[in-house]
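Everything on this sheet refers to the single structure shown next.
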Amino acid sequence: MEKVQGRGIWGLVFLIIVFLSVSSGEAQSKPVLVNCGANSSINVDGRRWIGDLAPNDNFTVSSPGVAATDSNADGNSTLGPLYKTARIFNALNYTFAGMQGNYFLRLHFCPFPFENYNVNESSFSVVANGLKLMTEFNVPVEISDKNLHLQNSNSNSSSLSLVKEYILAINDVLVVEFVSSRGSFGFINAIEVVPVVGTLFADSVTVGGSNANFNVSGRGIETMYRLNIGGQEIKTNQDSDLWRKWEMDSSYMITADAGVEIRNTSNVTYASNNDSSVAPLLVYETARIMSNTEVLEKKFNMSWKFEVDPDFDYLIRLHFCELVYDKANQRIFRVYINNKTAADSFDVYVRAGGKNIAYHQDYFDTVSSKTNTLWVQLGPDTAVGASGTDALLNGLEIFKLSRSANLAYADRIDSTEKTGSHSKSWILLLGVGAGVASVLIIAITFTCIFCFGKIRRKQMNDAKDNPPGWRPLFMHGAVVSSIANNKGGVHSLNGSLAASTRVGRRFTLSEIRAATNNFDDSLVIGVGGFGKVYSGKIEDGTLAAIKRSNPQSKQGLTEFETEIEMLSKLRHRHLVSLIGFCEEQNEMILVYEYMANGTLRSHLFGKWAMKWQRQKSLETIVDPRLKGNTCPESLKKFGEIAEKCLADEGKNRPTMGEVLWHLEFVLQLHEAWMRANATIETSITSSQALEDLELRVAEEARRPPLALE
Numbered sequence: 031m032e033k034v035q036g037r038g039i040w041g042l043v044f045l046i047i048v049f050l051s052v053s054s055g056e057a058q059s060k061p062v063l064v065n066c067g068a069n070s071s072i073n074v075d076g077r078r079w080i081g082d083l084a085p086n087d088n089f090t091v092s093s094p095g096v097a098a099t100d101s102n103a104d105g106n107s108t109l110g111p112l113y114k115t116a117r118i119f120n121a122l123n124y125t126f127a128g129m130q131g132n133y134f135l136r137l138h139f140c141p142f143p144f145e146n147y148n149v150n151e152s153s154f155s156v157v158a159n160g161l162k163l164m165t166e167f168n169v170p171v172e173i174s175d176k177n178l179h180l181q182n183s184n185s186n187s188s189s190l191s192l193v194k195e196y197i198l199a200i201n202d203v204l205v206v207e208f209v210s211s212r213g214s215f216g217f218i219n220a221i222e223v224v225p226v227v228g229t230l231f232a233d234s235v236t237v238g239g240s241n242a243n244f245n246v247s248g249r250g251i252e253t254m255y256r257l258n259i260g261g262q263e264i265k266t267n268q269d270s271d272l273w274r275k276w277e278m279d280s281s282y283m284i285t286a287d288a289g290v291e292i293r294n295t296s297n298v299t300y301a302s303n304n305d306s307s308v309a310p311l312l313v314y315e316t317a318r319i320m321s322n323t324e325v326l327e328k329k330f331n332m333s334w335k336f337e338v339d340p341d342f343d344y345l346i347r348l349h350f351c352e353l354v355y356d357k358a359n360q361r362i363f364r365v366y367i368n369n370k371t372a373a374d375s376f377d378v379y380v381r382a383g384g385k386n387i388a389y390h391q392d393y394f395d396t397v398s399s400k401t402n403t404l405w406v407q408l409g410p411d412t413a414v415g416a417s418g419t420d421a422l423l424n425g426l427e428i429f430k431l432s433r434s435a436n437l438a439y440a441d442r443i444d445s446t447e448k449t450g451s452h453s454k455s456w457i458l459l460l461g462v463g464a465g466v467a468s469v470l471i472i473a474i475t476f477t478c479i480f481c482f483g484k485i486r487r488k489q490m491n492d493a494k495d496n497p498p499g500w501r502p503l504f505m506h507g508a509v510v511s512s513i514a515n516n517k518g519g520v521h522s523l524n525g526s527l528a529a530s531t532r533v534g535r536r537f538t539l540s541e542i543r544a545a546t547n548n549f550d551d552s553l554v555i556g557v558g559g560f561g562k563v564y565s566g567k568i569e570d571g572t573l574a575a576i577k578r579s580n581p582q583s584k585q586g587l588t589e590f591e592t593e594i595e596m597l598s599k600l601r602h603r604h605l606v607s608l609i610g611f612c613e614e615q616n617e618m619i620l621v622y623e624y625m626a627n628g629t630l631r632s633h634l635f636g637k638w639a640m641k642w643q644r645q646k647s648l649e650t651i652v653d654p655r656l657k658g659n660t661c662p663e664s665l666k667k668f669g670e671i672a673e674k675c676l677a678d679e680g681k682n683r684p685t686m687g688e689v690l691w692h693l694e695f696v697l698q699l700h701e702a703w704m705r706a707n708a709t710i711e712t713s714i715t716s717s718q719a720l721e722d723l724e725l726r727v728a729e730e731a732r733r734p735p736l737a738l739e
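My numbering numbers the first residue of the sequence shown as 31 and each following residue consecutively.
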């Protein structure tokens, strides 16, 4: 009986141990979500966020710092309620215990006005278990840079918040240290510590097209970009296991015309059960394929460009799922990373094992210290016998890998960080340096006075012996000495300028204002890169065209000086004459004779043709001899790029690289149309004219496509 009881007691102990182990495992597998600057919990985005001053068993805070609240802050996101509070600090530690394995660490920042603190001057560093994550980090600057990128990519979206995501290997305890820069402060709105379910990274990563045993799991990782290619943004609550956000890819594409969006027509499954944590199925249900597989051949591709931190290693993860073809050898393409071939003969159907099967491939690349961009490009592989020259991509992620326990961008490191052991030596060196500097300053001052006097005497002698020619009147706000009257021309110091170059009259700013009714916009007759042109009447009744530079135009200075110099020397009945100028109060204004028939630009650029282009009827003015021999789509694209080239302001005109891409695209559209209509006799053919181009394209078939910036 006692023996049975003994066995029962040991069995009970065993069950208790198992229960505690399971409970501990469950606790470790649960995410810890921190609402910083709050003493109570809140439900946001379907999850429970614990106030960092509320009693809990999940983490501890070293110092309370200062709690800040702004009821109007929301960060333009679903996490808005979470961003209404923040913790301000000089030094602050969060300690999370009982964690084992790989975890996502997400730091949330949403700046809002803090009482007695200027958020724009915040600067701090972050370290997690000895791994440096950020150095001299300024949140408003980072948000501004991101919004500038969105603006430059013609995106309508903007952001008021920032989330930094890291992937860390944790052994029992995670300590996140926040330290403000000297004389500054830092802040944090929320923290996520989310366990990684399953295997997120394999040990073997492809390097330049070959398999290399590269151990990613042994290094700290920062998520730089995560994109849902060809689809809408995937919100955090749609990636329920890991709560990742997937951005749209359109703002990172070099040329949106290079790829079109497609969606699946049936259910998508994973190639392996272990891949369920790699990405949600929503990523694989949309994709981009090349716009026109008959045209985009040899050297064209889909390209994405990303800004990254120099001098780091990067892991690029590409997600694929064949959504159209149900057999192999239908879509074969090449993958390029930073203009280097990462993979060729890439057939998603073969690699994934069928249609509608999710698959991913990792690549490794090193970005040098001399560049801050990373390109990902997909283009058709014409060296193999695929039935279609096409490419496909469903998702893309870029991860930065730590070097020497560092993920912080080196340029942000302040060289003034010194240890206390060097303070006495620094004071001594400072004293010695100050003494030496004083002696040098005195010596340099006397030398400068002597040299200046000598140069001044030489200039005065040269002025007497060799009268100077005309020089620009305006140079970054400094007006060259001149003597002028309101009715006559400008005279140089020797009185010869007006006679030799006929610069014209120097107008006062008040005269210009009177002539233009104080720059009335109703009198504007033209706008260009230099600025606005007004029609006006000077006091003697002469009609004039008055061109005023844009005060924010840095390019205007050179144009102003060049135009005065050229027009003062040239006179022709077909050229507008320069009457005079005004450079008072840092203005740059040119006064011309008024031409009633419009600008030469409007005549040269084809006002008549632009009218038909804007009416989408360009085909009505095509040469009759070309009727029936032009591709409608090619003509349409040609008209579009021509119209963009004629935009009034330079910032709205395409770059030469973009023009080249579009013109070759138009040309190949026409070629494809000609091939499709080869059986129809035409009076004019472009095949002979395009023969040289086709030969050049064929020679470049084996080269990776060059990125056009």
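Even for Gly, the Cβ is constructed at its ideal location relative to N, Cα and C.
Alpha carbon to alpha carbon, how far is residue i from residue j?
i, j, result
"Ser-306", "Tyr-300", "7 Å"
"Cys-612", "Tyr-622", "12 Å"
"Glu-151", "Phe-215", "8 Å"
"Ile-259", "Thr-295", "17 Å"
"Ser-607", "Tyr-624", "9 Å"
"Ala-638", "Thr-592", "Inspection of the sequence shows that residue 638 is occupied by Trp rather than by Ala. C-alpha separation (whole angstroms): 31 Å."
"Asp-341", "Asn-402", "8 Å"
"Ser-189", "Val-169", "12 Å"
"Arg-578", "Leu-597", "16 Å"
"Met-704", "Tyr-282", "33 Å"
"Leu-404", "Tyr-393", "13 Å"
"Gly-518", "Val-557", "The predicted model places Gly-518 with a pLDDT of 38, which falls under 50 and marks its position as unreliable, so this point remains unresolved."
"His-179", "Asn-186", "11 Å"
"Leu-204", "Leu-345", "24 Å"
"Asp-287", "Phe-549", "42 Å"
"Leu-83", "Ser-70", "7 Å"
"Thr-572", "Met-686", "41 Å"
"Ser-540", "Gln-407", "57 Å"
Apply the 10 Å Cβ neighbour rule to residue i and answer buried if 16 or more other Cβ atoms are within range, or exposed otherwise.
i, result
"Arg-501", "Low confidence applies here, because Arg-501 scores a pLDDT of 29, under 50, leaving its location unreliable; read the following figure in that light. Exposed, by the Cβ-count rule."
"Pro-662", "exposed"
"Leu-426", "buried"
"Asn-368", "buried"
"Ile-651", "exposed"
"Val-313", "buried"
"Val-227", "exposed"
"Thr-316", "buried"
"Gly-409", "buried"
What does a CB cutoff of less than 6 Å around residue i pick up in its chain, not counting 5 residues either side in sequence?
i, result
"Val-206", "Tyr-124 and Ala-158"
"Lys-29", "The requested residue 29 does not occur in the structure, where the chain is confined to residues 31 to 739."
"Ala-199", "Asn-132"
"Asp-279", "Leu-257 and Ile-259"
Starting from the Cα of residue i, find the closest Cα among the options and give me that residue.
i, options, result
"Gly-384", "Ala-373, Asn-359 and Thr-403", "Asn-359"
"Asp-100", "Pro-111, Leu-648, Asn-148 and Gln-391", "Pro-111"
"Val-91", "Gly-67, Leu-693 and Ser-107", "Gly-67"
"Phe-154", "Thr-572, Leu-122 and Asn-547", "Leu-122"
"Phe-376", "Ile-251, Gln-391 and Gly-228", "Gln-391"
"Val-193", "Ser-211, Ser-210, Val-246 and Glu-222", "Glu-222"
"Ser-333", "Ile-576, Arg-364, Gly-261 and Ile-72", "Arg-364"
"Asn-331", "Ala-98, Ala-421, Asn-120 and Asp-202", "Ala-421"
"Glu-26", "Asp-279, Lys-641, Thr-546 and Gly-687", "Here the chain has residues from 31 to 739 only, and residue 26 is not among them."
"Trp-276", "Arg-361, Asn-303 and Ala-309", "Ala-309"
"Val-64", "Ile-319, Ala-116 and Ala-98", "Ala-116"
"Asp-411", "Ser-398, Leu-665 and Ala-372", "Ala-372"
"Asn-184", "Ile-284, Ser-210, Val-554 and Asn-120", "Ile-284"
Excluding the 5 residues flanking residue i on each side, which residues of the same chain have their C-beta closer than 8 Å to its C-beta?
i, result
"Cys-675", "Arg-683, Pro-684 and Val-689"
"Lys-667", "His-692, Phe-695, Val-696 and Leu-699"
"Asn-267", "Asp-75, Gly-76, Thr-108 and Trp-273"
"Arg-381", "Phe-350, Tyr-389 and Gln-391"
"Arg-12", "With the chain covering only 31 through 739, there is no way to say anything about residue 12."
With a CB to CB cut of under 7 Å and the five nearest residues on each side skipped, what residues in its chain are close to residue i?
i, result
"Gly-610", "Gly-534, Arg-535, Arg-536, Phe-537 and Val-621"
"Ala-18", "As shown, the chain starts at 31 and ends at 739. That puts residue 18 outside it, with no answer to give."
"Val-62", "Asn-88, Phe-89, Phe-126 and Val-223"
Between residue i and residue j, how many whole angstroms is the CB-CB distance? I'm expecting something under 8 Å.
i, j, result
"Leu-195", "Arg-136", "As written in the sequence, residue 195 is Glu, which differs from the Leu given in the question. Yes, they are in contact, since the Cβ atoms of Glu-195 and Arg-136 sit about 5 Å apart, within 8 Å."
"Arg-212", "Leu-431", "Incorrect: roughly 30 Å between the Cβ atoms, too far for contact."
Would you say residue i lies against chain B (beta-carbon separation less than 7 Å)?
i, result
"Gly-658", "The displayed structure is made up of one protein chain only, and chain B is not part of it."
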